[in-house]
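Right, one structure below, let's go through it.
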Amino acid sequence: MRNMRMSLAPRRAVAALAAVLLAGSVAACGNSDTGGGGDSGNDKIVLGFSQVGAESGWRTANTNSIKEAAAEAGFELKFDDAQQKQENQIKAIRNYIQQKVDVIAFSPVVESGWDTVLKEAKDAGIPVILTDRAVDSADKSLYKTFLGSDFVKEGRLSGEWLVEEKKAATGDVNIVELQGTTGSAPANDRKQGFAEAIAADPKLKVIASQSGDFTRAGGKQVMEQFLKAHPKIDVLFAHNDDMGLGALEAITAAGKVPGKDITIITIDAVKDGMQALADGKFNFIAECSPLLGPQLMELAKKVHAGEEVAPRIETEETTFTQEQAKEALPNRKY
Ligand code: GYE
């Protein structure tokens, strides 16, 4: 939220902006009388939100954040869980269009294939906000803004830590990678950022890379296969904590010590992941914040009022070593 405030702007500019925004919101209210407004019969903003699913601890925290922030902001929230299926998300968005909600927000499970339904929302005059995951649509006018993380950076930070960690190692360092959901923005981008960073040291080699679908069960199952196929695994890079946590079971069952025999890097920093890091089972986590609710409500108010918003708003994030996890854990909210 910090980067959305305008506290440093000169007074006069703020006043001028306020006048413009007021004009915009009057115009937008006019529209919602004929178009938006939902079926609630009151003046609450109706937000239709299509969630990816409930695949991970990150997702649960994200859903809670959105529901809490909607209640706090006095929105009427229509919420749908798509169970990781794009067709369910498209169905939910079409329902929201039919119900004439004021604003649609969604976290797209994969990057491709959204143009048709986004065009339908645009034609119906309903603004769309992307949260968490991006789409690859060439036409940027199909949505108002994107709110979420820089996934390439998360992958890069993970890779840079590994380059430093293995600086003194001799011989090849064999890495296995548990990818997120195939075709999703975080899987594509984290893979890319990590690969770019480890290219700095040719002894760092990704010997296997496969999707575990961002779930614990997927992480466990794919790690079992990796361990069977590759006798020497030095590093696991998992695209989220949950897959890393699932992989821990496979690693222990194979008689190896996680965090020692195999260096483990994950992304998210949810509580269970941070606990594993503090316990020495993980070695490094790049944070990805799921607490998008309050910023989403602010943006929904603005686009509903017809205000201009920045095309991309990124969350602020950090990284954790084992020592840092021990310190941060007692105050971790999710
Ligand atoms: O990292 C993972 C979740 O899209 C950033 O989705 C999100 C990712 C998150 O399932 O745990």
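For the sequence shown, this note's numbering gives the first residue as 210, with consecutive numbering after it.
Positions of the beta carbon are idealized from the N, C-alpha and C atoms, including for glycine.
Q: For A417, name the three-state secondary structure that DSSP assigns.
A: The residue given as residue 417 occupies position 208 in the sequence shown. A417: strand per DSSP, three-state reduction.
Q. Which whole-angstrom value describes the C-beta separation of E458 and K429, a residue pair presumed to lie in contact below a C-beta threshold of 8 Å?
A. Here residue 458 refers to the residue found at position 249 of the sequence shown. Here residue 429 refers to the residue found at position 220 of the sequence shown. At roughly 5 Å, the Cβ-Cβ gap stays under 8 Å, so E458 and K429 are in contact.
Q) Of the choices K469, A462 and A426, whose alpha-carbon is the least far from that of L445? A) Working through the sequence shown from its first residue, we reach residue 445 at position 236. The option with the nearest alpha carbon to L445 is K469.
Q. Do you know offhand how far A417's Cα is from Q531's?
A. In the sequence shown, the residue the question calls residue 417 occupies position 208. In the sequence shown, the residue the question calls residue 531 occupies position 322. Using only the alpha carbons, I get a separation of about 26 Å.
Q. Do D348 and D311 come within 8 Å of each other at the CB atom, strictly closer than that value?
A. Start at 1 with the first residue of the sequence shown, and residue 311 comes out as number 102. Start at 1 with the first residue of the sequence shown, and residue 348 comes out as number 139. Note that the C-beta distance between D311 and D348 is not below 8 Å.
Q. Shortest alpha-carbon distance to A409 belongs to which of E373, E296, F355 and R521?
A. To locate residue 409, count along the sequence shown from 1; it is residue 200. Per the Cα distances, E373.
Q: Out of V337, A282, S321 and D443, state which residue places its alpha-carbon closest to the alpha-carbon of R303.
A: Residue mapping note: residue 303 aligns to position 94 of the sequence shown, counting from 1. Per the Cα distances, V337.
Q. Does the Cβ-Cβ distance between A495 and E386 come in under 8 Å?
A. The sequence position of residue 495 within the sequence shown is 286, counting from 1. The sequence position of residue 386 within the sequence shown is 177, counting from 1. Cβ atoms of A495 and E386: not closer than 8 Å.
(Q) Against chain B, does A282 count as a neighbour if the rule is that its beta carbon must be under 8 Å from one of theirs? (A) No chain B is present in this structure, which holds just one protein chain.
Q: Return the Cβ separation of F493 and D451 in integer angstroms, given the expectation that the two are a contact with Cβ distance under 8 Å.
A: Reading the sequence shown from its first residue, position 284 is the one you call residue 493. Reading the sequence shown from its first residue, position 242 is the one you call residue 451. With a contact defined as Cβ atoms closer than 8 Å, F493 and D451 miss out at about 16 Å.
Q: Return the chain-ordered list of same chain residues with a C-beta closer than 8 Å to the C-beta of K276, the five sequence neighbours on each side being excluded.
A: As a position in the sequence shown, residue 276 is number 67, starting the count at 1. These residues qualify, in order along the chain: L286, F288 and G502.
Q) In three-state terms, what does DSSP make of K535? A) On the sequence shown, residue 535 is found 326 positions in, with the first residue counted as 1. Note: K535 maps to helix in three-state DSSP.
Q) Which of helix, strand or coil does DSSP assign to T524? A) As a first step, residue 524 is located in the sequence shown; it is residue number 315 there, counting from the start. Look at T524 here: in three-state DSSP terms it is coil, with no helix or strand label.
Q) CA-CA distance, V518 and F529? A) Here residue 518 is taken as the residue at index 309 of the sequence shown, counted from 1. Here residue 529 is taken as the residue at index 320 of the sequence shown, counted from 1. Straight-line Cα distance between these residues: approximately 32 Å.
Q) Roughly how many whole angstroms lie between the Cα atoms of D398 and P520? A) For the purposes of this step, residue 398 is taken as residue 189 along the sequence shown, with counting starting at 1. For the purposes of this step, residue 520 is taken as residue 311 along the sequence shown, with counting starting at 1. If I take the Cα positions, the gap works out to 19 Å.
**Q.** Extent of the continuous alpha helix (DSSP H) run through S346
**A.** For this step, residue 346 is matched to residue 137 along the sequence shown. Taken as a continuous stretch (DSSP letters only), S346 belongs to no alpha helix (DSSP H), as it is neither H nor E.
Q. Which first and last residues belong to the alpha helix (DSSP H) in which E544 is found?
A. No answer is possible for residue 544: the residues shown for the chain start at 210 and end at 543.
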